[in-house]
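Notes for the one structure printed next.
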Amino acid sequence: MRYHYFLLITLLICAAAADAQNARKTESFNTGWKFFLGDEPRAQNSTFDDAQWRSLQLPHDWSIEGRFDQKNQTTQAEGGLPAGIGWYRKSFTLPLSARNKNIFIDFDGVYHNSEVWVNGHYLGKRPNGYISFRYAITPYLNFGRKKNVIAVRVDNSDQPNSRWYTGSGIYRNVWLVTTAKTYLTNWGTFVTTPNVNNKAAEVALEIGVHQPSPKNKLSLQTTIYNAEGKVVVSQTSPVKNTGDTSIVVHQTLAVSKPKLWSVTRPYLYKVVIKVLQNGKVLDDQLIYTGIRYFNFDADKGFTLNGEPMKIKGVCLHHDQGALGTAVNVRAMERQLQILKAMGCNAIRTSHNPPAPEFLDLCDSMGFLVMGEAFDMWRKKKSKYDYHQDWDKWHVKDLQDQVLRDRNHPSIFAWSIGNEIREQFDSTGINISRELVGIVKQLDKTRPVTSALSEADPKKNFIYQSGALDLVGLNYHQEVYANFQKNYPGQKFIGTENMSALATRGHYDMPSDSIRRWPKDGKTPLKDGNPDFTVSAYDNVSAYWGSTHEETWKIIKKYDFLSGLFVWTGFDYIGEPTPYLWPARSSYFGIVDLAGFPKDVYYMYQSEWTTKPVLHLLPHWNWSAGQTIDVWAYYNNADEVEAYLNGKSLGIRKKTGDDLHVMWRVKYEPGTLKAVSRKNGKVIMSTQVVTAGEPYRIQLKADRSHIKADGKDLSYVTVTILDKNHVPVPDAGQLIKFKVGGQGILKAVDNGSQTDLDPFVSNQHRVFNGLGLAIIQSNNKSGKISITAAAEGLQPGQLIIESDR
Ligand code: GAL
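Note that the working numbering has the sequence shown beginning at 106, numbered continuously upward.
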């Protein structure tokens, strides 16, 4: 939403320079901060000397800069990185002209227990680490030459407070917002599309205005622009004088022949709202809206704009792997691009409100989003988690999430909680009703669900509350086929599924027996691998879950099963089920922590997209005579034939509900090839080749041009090749990086779940042949050179460019 304001400002500058002087200003407040790791209560005073503190820019996550250590207060479930207390301070001045304005400071998210002071004045505490919040600071400010000081204390020392990696610090953006005394209230505008068909759509607006003097004669002008920037419709209405300082205005505009928003064509209209007084713009706001309608049906499942659509979703935690939780738009965009290419069309932001920019990306890239509020209510899951703040904060936190996010076309459902303990006892009834009531008061356009782990309707008190619009089941795929019988007339969504486990590039034979790990999660896994790997044939899952194929086959089969959310799209830091330390990040991802797809990615791609897929696994470096299972995922073809060194291994066809084919092969080195055919015609072919000794380092950037804005990223993949350019699948060399020119090495990774070397470093091992260097522009345009060296290998070199 924030950068929408920037776009709006550009728009307005072009439209009328005079208007811009009056309208709101939203400035990034990320630069020029000082940081101290530790507690320093004197730092709240404006006179405190922070000259010795570290200078940095927000967003910032101090945990990710630390070292993995079992002795850290965070548990293994939280990733074992350091937490603690940190202080941030920033000095700033404001022009005299701002004296007659209203000034606010907006925090998109601080993990957690933040307390804020401006010029020594205490503004308040916000315990929830995922919620956005604002302080009105006008009365405490200095204008002109006298400087202001803002101080923020962040306390993440109350460990454990989570079941996954949270990050620590001001990890999302901060904004300074300046408005006139009359302004559009924060999150006070709600845009909905109550009536939509191909010929026309109604765009209904509820607009909140704060006017200090009810004598002012105000009007509201709303203009809708199409994606090409042309005005579609505009309406001006007087603001009725009710005598109140806080007013809500309703408008309805008609858009003829609307272009509907969908996951395949995420068409966005711009809605520009202006508060006018005698022709002067006092405030303005830009909201992107998508015109769309959707429905859940107890028999037919989900439809978007009248078209049946299976929800092919994934759950995501908020960390961006080696970057930690510090918000970076390009990192989130890359993650979503990788998922989009797999055919994923929905995200569940488990188990908390996401960064606002994440939802902007989902709006513009075409993802549906289930916005989730809580992982616990009054009953705890970890000793110091949000249950402590529940009584005081849950109403405000839930309201704020809905208010902040309800204008996003991507949001299509709200979840009031994940596997909440109160589902098991009667206290769940009232709390469910209360929470659903809070949501409905602010947004009646989306169904409300909760991710339930008790699948017996009689024993589940959240379900028994009767408050849910959608029954969200986590796991328990064994009851899905009977859902209509057990939950008569109810609508289904698989809120969380699978929890299958895999390490990228690691394969155990044989592949056709299924393992359910762990047994209890507390003792070392007896039949686990000594090197803490999990086979990447889709045949290992948590005991409460299933393999990917097992659940997808069921969801696919029945129309009344509207869809699912796979746990998870990407590996995340923390929760390294099924292993104990040194495992420190999860095995659940379809994609590893570094962003490299595991093999099952291609199963989904073959099922969830129409683009031709033929993917062969495993790699082809084994011991002579070993029996190896060869799998292929494919689509758009009738059969696949595999060849080893030119000799056919036979033709395989998927039959029944098969999602892959297999050959059991006596290994010999060479070339393993597969060819897919339809009606006898070759559709695709692919091969894996036995690699020789590691010989050189190859570097490949996902983007060779990045923006010179100090934020943009290029993800450089490191591959170890042999003399014949064949990737070496088990390479594990230590790579030393040098980055020169207009960029920095932001972080390194390799997707291993057990590598305890730090992410912020200029060296890192490759894992199963691959490594990752994340390069960031340093704010200047020019060339960025990257070199990667390792003992005994030819170095890799790459030049990328950063441009203004
Ligand atoms: C679920 C839970 C998730 C994650 C997952 C791991 O029960 O909702 O947050 O812990 O298990 O399998």
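Think of the CB as a built atom: it goes at the ideal place given N, C-alpha and C, for glycine as much as any other residue. On a predicted model such as this, the values are computed, not experimentally measured, just so you know.
From the options, residue whose alpha carbon lies closest to that of residue i
{"i": "K385", "options": "N321, V368, E462 and A359", "result": "N321"}
{"i": "E583", "options": "K658, C449 and D697", "result": "K658"}
{"i": "Y592", "options": "M603, L578 and S604", "result": "L578"}
{"i": "N855", "options": "D174, L325, R609 and F209", "result": "R609"}
{"i": "E477", "options": "T357, C449 and F670", "result": "F670"}
{"i": "Y929", "options": "P146, K206 and S168", "result": "Missing from the structure shown is residue 929; the chain here goes from 106 to 909 and no further."}
{"i": "H513", "options": "T394, L409 and F407", "result": "T394"}
{"i": "S339", "options": "L323, G348 and S361", "result": "S361"}
{"i": "F212", "options": "R159, E654, N224 and W280", "result": "W280"}
{"i": "G293", "options": "D263, G751 and V354", "result": "V354"}
{"i": "Y663", "options": "V766, P413 and P615", "result": "P413"}
{"i": "Y235", "options": "D465, S202, H765 and H423", "result": "H423"}
{"i": "S196", "options": "N224, F864, I352 and V500", "result": "N224"}
{"i": "H217", "options": "A699, A647, F209 and K230", "result": "K230"}
Straight-line gap, residue i to residue j (C-alpha atoms, nearest Å)
{"i": "M106", "j": "P200", "result": "Residue confidence for M106 is low, a pLDDT of 45 falling below 50, so the modelled location carries little weight; the figure read from the coordinates is stated next. Cα to Cα, the separation comes out at about 26 Å."}
{"i": "R870", "j": "G901", "result": "15 Å"}
{"i": "V308", "j": "K549", "result": "15 Å"}
{"i": "I525", "j": "W482", "result": "7 Å"}
{"i": "T673", "j": "V696", "result": "8 Å"}
{"i": "V507", "j": "V544", "result": "7 Å"}
{"i": "R258", "j": "I242", "result": "17 Å"}
{"i": "L903", "j": "A256", "result": "42 Å"}
{"i": "F529", "j": "R538", "result": "15 Å"}
{"i": "S219", "j": "S790", "result": "55 Å"}
{"i": "T715", "j": "Q442", "result": "17 Å"}
{"i": "W167", "j": "G272", "result": "7 Å"}
{"i": "S455", "j": "E333", "result": "34 Å"}
{"i": "K627", "j": "S691", "result": "16 Å"}
{"i": "A446", "j": "D636", "result": "31 Å"}
Residues of its chain near residue i, where Cβ-Cβ distance is below 7 Å and the 5 sequence neighbours each way are ignored
{"i": "L575", "result": "F401, A518, P552, T554, K596 and I598"}
{"i": "L540", "result": "L503 and I521"}
{"i": "N883", "result": "G815, Q847, G848 and I849"}
{"i": "I811", "result": "D817, L818, S819, S882, I905 and S907"}
{"i": "L112", "result": "Annotation note: pLDDT 44 at L112 (below 50); position unreliable, no value reported."}
Close beta carbons around residue i, own chain, < 8 Å, minus the five adjacent residues each side
{"i": "N784", "result": "D743"}
{"i": "E896", "result": "Q838 and L839"}
{"i": "N644", "result": "S616, D617, S618, I619, R620 and T652"}
Cβ-heavy atom distance, residue i to the ligand GAL, below 7 Å
{"i": "H456", "result": "yes"}
{"i": "F693", "result": "yes"}
{"i": "S953", "result": "Only positions 106 to 909 of the chain appear in the structure, and residue 953 is not among them; the question remains open."}
{"i": "N579", "result": "yes"}
{"i": "A836", "result": "no"}
{"i": "T347", "result": "no"}
{"i": "R620", "result": "no"}
{"i": "R268", "result": "yes"}
{"i": "S728", "result": "no"}
{"i": "T297", "result": "no"}
{"i": "G406", "result": "no"}
{"i": "T682", "result": "yes"}
{"i": "W672", "result": "yes"}
{"i": "N829", "result": "no"}
Pair within 8 Å by beta-carbon distance, residue i and residue j
{"i": "A806", "j": "V821", "result": "yes"}
{"i": "V376", "j": "I396", "result": "no"}
{"i": "N278", "j": "S133", "result": "yes"}
{"i": "K841", "j": "N873", "result": "no"}
{"i": "P687", "j": "T859", "result": "yes"}
{"i": "L754", "j": "G775", "result": "no"}
{"i": "I378", "j": "I329", "result": "no"}
{"i": "R453", "j": "T656", "result": "no"}
Contacting residues, own chain, Cβ-Cβ under 6 Å from residue i (five flanking each side not counted)
{"i": "N740", "result": "S711 and V718"}
{"i": "G184", "result": "Y270, I678, G679 and R689"}
{"i": "H581", "result": "A560"}
{"i": "S890", "result": "G845, G846 and I904"}
{"i": "G533", "result": "E527, F566 and I567"}
{"i": "I114", "result": "Any reading at I114 needs caution, since the residue's pLDDT is 44, under 50, leaving its predicted position unreliable; the model's value is listed next. Correct list: empty, nothing qualifies."}
{"i": "Q899", "result": "R801"}
{"i": "T357", "result": "E307 and A309"}
{"i": "A894", "result": "K841 and P900"}
{"i": "M475", "result": "R453, A518 and S520"}
CB contact check: residue i to chain C, cutoff 8 Å
{"i": "N346", "result": "Among the chains of the structure shown, chain C does not appear; only one protein chain is present."}
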